[in-house]
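All residue numbers for the sequence shown refer to our numbering, where the first residue is 1 and numbers rise by one.
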Amino acid sequence: MSSLPLQNLNILVTRPEKLAVSLCQKIIKLGGAAYKLPTIQIIAIKNLELIPSNIYYAIFISQHAVIYGLKYLADHKIQVNKYIAIGASTAAILHQHSINSVLYPTQPPYNSTVLLELPELQNKYINNKNIVIFRGKFGLTTIADALKKRHAHVNNAIIYSQEIPDYTQNIIEQRIYNANLDLIIITSAICLHNLLELVNMDFNSTLKHIPLLVVGSRLQDIAYALGFIKVIVAIAATDQILISTLLTWRQQENT
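Spelled out as structure tokens, the structure:
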């Protein structure tokens with residue numbers, strides 16, 4: 001009987017709780033050991049600045065933006081003409097909420113630059129239109145800045161914050177120090193910065209010698225700048241692409 005492709009691999013998953021569960025399950029199914037340690041705690045922000053009661057485009061920058069943004073829209077009975085997602089995984093959450101017509105880039109990488117290339121976001125379609133961008137606190141304003149230059153009326157709906165979780169030393173020891181980690185999955189810059197905050201300075205050097213699997217070249221650059229030695233890049237944050245990248249890396253390591 002052949003061994004499973006991720007057998008004997010200890011993998012730390014740092015993405016937020018709701019997104020980490022399914023990824024961990026897939027890793028375990030392929031024979032790996034998945035240590036779930038979300039380095040971000042998502043907290044809803046309820047007191048938003050006033051946004052228009054009628055929205056031409058509602059843009060969602062993350063899966064959590066969908067979860068909290070749709071609740072806000074429903075609670076306040078706000079009408080939306082069209083929904084736009086930053087990428088496939090965010091669009092999938094909208095589909096799960098029975099929003100079938102969603103605009104999003106057709107292929108990765110899923111980022112601000114690619115999103116802004118959508119034909120529907122060019123000047124002639126958005127001039128004087130109300131656009132609301134649902135995103136997290138401290139997120140980049142690249143999309144909003146570009147759409148304002150295209151003469152749209154843009155509101156940033158900062159719908160959630162990303163805080164560093166409060167773990168006991170025992171949990172950190174179990175899932176990082178004593179786990180003999182072979183790889184760490186990082187899906188955002190704040191995940192990475194918070195991970196460094198959570199570990200003792202004495203473990204910093206050891207941590208930076210553990211391979212990272214990150215999403216996108218921007219996050220790869222950040223990881224290298226922080227001193228990490230080996231950084232593998234996935235082109236998107238979907239479970240499917242993360243697992244595919246992980247399997248390719250494992251195969252290369254075994255040849």
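Even glycine gets a Cβ: it sits at the ideal position worked out from N, Cα and C.
All of these numbers come straight from a predicted model, not from anything done at the bench.
- Rounded straight-line distance, which links the Cα of W249 to that of A65: For the purposes of this step, residue 65 is taken as residue 65 along the sequence shown, with counting starting at 1. For the purposes of this step, residue 249 is taken as residue 249 along the sequence shown, with counting starting at 1. The alpha-carbon atoms of A65 and W249 are separated by roughly 31 Å.
*Since R135 sits in a beta bridge, which residues does DSSP pair it with?*
The residue you call residue 135 lines up with position 135 of the sequence shown. According to DSSP, R135 bridges with I158.
Cβ pair I126, R150 closer than 9 Å
By one-based count along the sequence shown, residue 126 stands at place 126. By one-based count along the sequence shown, residue 150 stands at place 150. Contact annotation: I126 and R150 have beta-carbon atoms nearer than 9 Å.
Exercise for the section: Below 8 Å on the Cβ atoms is my guess for L219 versus T14; work out the distance and round it to an integer in Å. Expected result: What you label residue 219 is simply residue 219 of the sequence shown in a count that begins at 1. What you label residue 14 is simply residue 14 of the sequence shown in a count that begins at 1. About 12 Å separates the two Cβ atoms, so there is no contact after all.
(message) Looking only at its chain, what residues have a beta carbon closer than 6 Å to the beta carbon of L30, apart from the 5 residues adjacent to it on each side?
(response) Reading the sequence shown from its first residue, position 30 is the one you call residue 30. If we look at L30 and ignore the five residues flanking it on each side, its Cβ neighbours are L4, P5 and L6.
- Message: Do V199 and V214 count as a contact pair if the criterion is CB distance below 9 Å?
- Response: Taking the sequence shown and counting its residues from 1, the one referred to as residue 214 is at position 214. Taking the sequence shown and counting its residues from 1, the one referred to as residue 199 is at position 199. Contact: no.
Check: So, is Q169 buried or exposed, given that buried needs 16 or more other C-beta atoms within 10 angstroms?
Finding: On the sequence shown, position 169 is the one that residue 169 refers to. With fewer than 16 other Cβ atoms within 10 Å, it is exposed.
Inset, instruction - Take every Cβ of the stretch 223-242, pair it with every Cβ of the stretch 87-97, and state whether three or more of those distances are shorter than 8 Å. - result: yes
Buried or exposed for I229, please, with buried defined as at least 16 other CB atoms from any protein chain shown within 10 angstroms of its CB.
Here the question's residue 229 lines up with position 229 in the sequence shown. Of the residues assessed, I229 falls on the exposed side of the cut-off, its CB having fewer than 16 other CB atoms within 10 angstroms.
**Asked** Does the stretch 88-107 come close enough to the stretch 130-144 to have 3 or more Cβ pairs within less than 8 Å?
**Response** no
| field | Sub-9 Å separation of I78 and N47 beta-carbons | value | Position 78 of the sequence shown, counted from the start, is the residue given in the question as residue 78. Position 47 of the sequence shown, counted from the start, is the residue given in the question as residue 47. Their beta carbons are not under 9 Å apart, which means I78 does not touch N47 by this criterion.
Pick from A144, V80 and T113: whose alpha carbon is nearest that of I99?
Taking the first residue of the sequence shown as 1, we reach residue 99 at position 99. Nearest of A144, V80 and T113 to I99, Cα basis: V80.
inquiry  = For the structure I just gave you, are there three or more beta carbon pairs, one from the stretch 153-161 and one from the stretch 177-193, closer than 8 Å?
reply    = no
Helix, strand or coil: how does DSSP classify F203 here? As a first step, residue 203 is located in the sequence shown; it is residue number 203 there, counting from the start. Helix at F203.
**Study point:** Bridge partner(s) assigned by DSSP for F228
**Key:** One-based indexing of the sequence shown puts residue 228 at position 228. The partner list for F228 (beta bridge, DSSP) is empty, contrary to what the question assumes.
Within the stretch 51-76, ranges of the alpha helix (DSSP H) (whole runs, at least 4 residues)
63-75
Beta-carbon spacing of Y83, A44 below 9 Å: Taking the sequence shown and counting its residues from 1, one reaches residue 83 at position 83. Taking the sequence shown and counting its residues from 1, one reaches residue 44 at position 44. Going by C-beta atoms, Y83 is not nearer than 9 Å to A44.
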